[in-house]
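Following: one structure in structure tokens, then a few remarks.
Residue numbers (this note's numbering): 1 to 158.
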């Protein structure tokens, strides 16, 4: 169960994570650093550290995590989760934190832009003449500027 002495917002976030994703497991983290050692996002940006995210959850700083861009640096490769000797579902927790951040309107602007592109085109970037030339040179067929099936499915879900 989540500590009842926490501020209401932190308690609510942790309660939600506990109920949906089994966040209680973070307390079994013994800070071995295995998650950080294999993290490709950490190699690109040393400020990112999955162990620090777990530590912040253990210290009841979930609200602070939701307000920072840190959780958006994860590449979701699952290396940390696969290697964790305690079986903590780190990547799943980060995904859960991202989902909570989006629900609270705290995602970086680029995330919303990407979602809008996928919703309108069915892909993350618009195709241009250069893309078509590269495909033709490689012997590949031209692509439709919009992936109709993806757009239709996303509209049904909305």
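Idealized CB from N, CA, C, for every residue including glycine. Quantities reported herein were computed from a predicted structural model and do not represent experimental measurements.
query: Buried or exposed: which applies to residue 80, given that a residue is buried once 16 or more other Cβ atoms fall within 10 Å of its Cβ?
result: The sequence position of residue 80 within the chain shown is 80, counting from 1. Buried, because 16 or more other Cβ atoms sit within 10 Å of the Cβ of residue 80.
- request: Report yes or no: do three or more beta-carbon pairs, one from the stretch 82-92 and one from the stretch 49-60, lie closer than 8 angstroms?
  value: Counting Cβ pairs under 8 angstroms, three or more are found: they touch.
Spatial neighbours of residue 154 in its chain, beta-carbon cut-off 6 angstroms, leaving aside the 5 residues before and after: If you number the chain shown from 1, residue 154 lands on position 154. For residue 154, where only same-chain residues beyond five positions count, the Cβ hits under 6 angstroms are 119.
Residue 109 - DSSP class collapsed to helix/strand/coil: What you label residue 109 is simply residue 109 of the chain shown in a count that begins at 1. In this structure, residue 109 counts as helix in the three-state DSSP scheme.
- prompt: Ends of the alpha helix (DSSP H) at residue 96?
  reply: Within the chain shown, residue 96 is the residue found at index 96, counting from 1. Unbroken alpha helix (DSSP H) run through residue 96: 90-103.
field: Three-state secondary structure (DSSP) of residue 12
entry: Locating residue 12 in the chain shown gives position 12, where the first residue counts as 1. Of the three classes helix, strand and coil, the one that applies to residue 12 here is helix, per DSSP.
Cut-off 7 angstroms between Cβ atoms - residues of its own chain near residue 27, not counting five sequence neighbours on either side: As a first step, residue 27 must be located in the chain shown, where it is residue number 27. Closer than 7 angstroms at the Cβ level, and outside the excluded window around residue 27, lie 58.
- prompt: residue 114 to residue 137, Cα distance in whole Å?
  reply: What you label residue 114 is simply residue 114 of the chain shown in a count that begins at 1. What you label residue 137 is simply residue 137 of the chain shown in a count that begins at 1. Cα to Cα, residue 114 sits roughly 28 angstroms from residue 137.
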